[in-house]
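In the numbering used here, the protein residues as written are 1 to 476. Scroll down for the structure; my scribbles are underneath it.
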Ligand code: ADP
Ligand code: MG
């Protein structure tokens, strides 16, 4: 009966060294209230000066999503009162943003869809209210005040939580490829507001939306959206109307609840900041930035498929994280490893342990060099892939060196045909019943024989040779 419509506003913290309008540091984790200077606090008489680095980063983003970069974009004061905003206004962009339009492709179950961007604008972050430090009081940390952000606004074109999360993940991956943000969601460097409304199936008129503020994990975005869809459907089902409002997602209760009724733009009394000039951007600057762009996820995806013969599915996984794709390519560098086998290893073994131990690529305990060594030992059949998996787990869990493990354990795959022949003959002799069953058509028993030989060789037999020998010898 109802169709959901979702538009996202994503706040990305740019990783400049200093604030957007002041020389104060943007370092995360410094003692509270030590990193905001008089400019960030808007003390009387100060003058903001625009950080060129932040402008360049916004342009990079715009180029990457095919936007128009607007010359003479304007900084505006967005006036509102909140304790974490001592100057009483936030410097943002309103009528003319620096980045206009653009698009991001998402692929879900092999199907491609384009999500259009409305705009991306530069703005400063506010401070942070802390409600859990003192029992009956709130505290304020202004370190973050004046930190440069880009706010990326999408068109209301996503139809469900899955699309919204995929879009969010793609933008997250992109800003990390561009090197303009660390994307750290726990630290608040990447967070989003989700706007959700329902409309009658097939209708082209959008319904009234609720906006869920400041969600900082992919999982929360998904559950917040799904909850909100259910809540609104229940309201509409009973014939009531949705109230336009700002809501908060509470992960501990897994619900959204009302924060305040929606503030309209004209309540903010936006006006151009008289202290800041329009941002003039030359075509030369844009060209220069274009010529220095890193390889982006979509280009890397095409390259991986062509250069390494990987499937689209595998490629999407590898390319989604810039560091993971580099880990993969570092393993292949100057080696004759099979790319497909290497990709499989990363996608199954490496990512499984990474997930289990909650580690991101930069914290992997196994270097690409050590994994390369391990995989070449599989390729030249010194060890079996079963052995390699055991070794890999030890490398991951105890940071052990693969050379030491393989040597100390005397691991060696038995590929000597004569030796394996003897063992295979013995197994066949001692299991004549199973041999008869196999020969009368029970093909599945081959696995049993392989298992017996493996057991006899303590897991060191070369499975390929064992399979061949067994198949030959078991023929009637
Ligand atoms: P603001 O939230 O500041 O008022 P906008 O009106 O520009 O800003 O909308 C912000 C976001 O809300 C955009 O991502 C837009 O796609 C989305 N949006 C607008 N209307 C709807 C709607 N009816 N349903 C879902 N999303 C919407
Ligand atoms: Mg909004």
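All C-beta atoms, glycine included, are put in the ideal place defined by N, C-alpha and C.
Can you round the beta-carbon distance between residue i and residue j to whole angstroms, since I take them to be within the 8 angstroms contact cut?
i, j, result
"residue 343", "residue 318", "6 angstroms"
"residue 391", "residue 374", "6 angstroms"
"residue 101", "residue 117", "6 angstroms"
"residue 13", "residue 141", "No, residue 13 and residue 141 are not in contact; Cβ-Cβ is about 15 angstroms, not under 8 angstroms."
"residue 6", "residue 196", "5 angstroms"
"residue 76", "residue 272", "5 angstroms"
"residue 163", "residue 108", "6 angstroms"
"residue 185", "residue 138", "At roughly 23 angstroms, the Cβ-Cβ gap does not stay under 8 angstroms, so residue 185 and residue 138 are not in contact."
"residue 92", "residue 123", "4 angstroms"
"residue 192", "residue 221", "6 angstroms"
"residue 120", "residue 96", "No, residue 120 and residue 96 are not in contact; Cβ-Cβ is about 12 angstroms, not under 8 angstroms."
"residue 384", "residue 463", "6 angstroms"
"residue 2", "residue 201", "7 angstroms"
"residue 256", "residue 234", "Contact flag wrong, Cβ pair sits at about 13 angstroms."
Given a threshold of 16 other Cβ atoms within 10 Å of its Cβ, counted over all protein chains shown, does residue i qualify as buried or as exposed?
i, result
"residue 287", "exposed"
"residue 447", "exposed"
"residue 167", "buried"
"residue 209", "buried"
"residue 247", "buried"
"residue 47", "exposed"
"residue 279", "buried"
"residue 322", "buried"
"residue 249", "buried"
"residue 114", "exposed"
"residue 292", "exposed"
"residue 314", "buried"
"residue 241", "exposed"
Taking the alpha carbon of residue i as the reference point, which residue from the options has its own alpha carbon closest?
i, options, result
"residue 175", "196, 186, 160 and 152", "152"
"residue 333", "371, 306 and 296", "371"
"residue 356", "389, 212, 397 and 320", "397"
"residue 414", "461, 9, 351 and 178", "461"
"residue 18", "42, 43, 52 and 33", "52"
"residue 469", "457, 424, 452 and 458", "424"
"residue 296", "27, 64 and 9", "64"
"residue 382", "399, 407, 433 and 363", "407"
"residue 26", "60, 187 and 224", "187"
"residue 457", "404, 393, 387 and 441", "387"
"residue 170", "204, 262 and 10", "10"
"residue 294", "61, 1, 8 and 32", "61"
"residue 476", "463, 442 and 466", "442"
"residue 380", "336, 400 and 150", "336"
"residue 283", "16, 323 and 72", "72"
"residue 129", "106, 172, 84 and 144", "84"
"residue 395", "351, 44 and 366", "366"
"residue 146", "132, 78, 21 and 315", "21"
"residue 244", "23, 269, 302 and 207", "207"
"residue 252", "236, 270, 229 and 215", "215"
Is there a C-beta anywhere in chain C that falls below 8 angstroms from the one on residue i?
i, result
"residue 327", "Within the model displayed, chain C is absent; a lone protein chain is all it includes."
TODO: Jot down the residue ranges of each uninterrupted beta strand (DSSP E) in the region 150-201, minimum 3 residues, whole runs only, in chain order.
DONE: As far as the region 150-201 is concerned, its whole beta strand (DSSP E) runs of at least 3 residues are 190-200.
Open item on the list: As an exercise, report each continuous beta strand (DSSP E) stretch of at least 3 residues that is fully enclosed by the region 200-250, in chain order.
Closed with: Runs found: 209-215 and 245-250.
Task: Uninterrupted beta strand (DSSP E) stretches inside the region 41-108 (no shorter than 3 residues) - done: Listed in chain order, the beta strand (DSSP E) elements of length 3 or more contained wholly in the region 41-108 are 75-79, 89-93 and 103-108.
- [ ] Only counting runs of 4 or more residues, tell me where the alpha helix (DSSP H) segments fall wholly within the region 256-337, in order along the chain.
- [x] List check, alpha helix (DSSP H) in window: 283-291, 297-308, 312-319 and 322-332.
- [ ] Ignoring anything shorter than 4 residues or poking outside the region 332-401, list the alpha helix (DSSP H) runs there in chain order.
- [x] Qualifying alpha helix (DSSP H) stretches, in chain order: 339-345, 351-357, 368-379 and 385-398.
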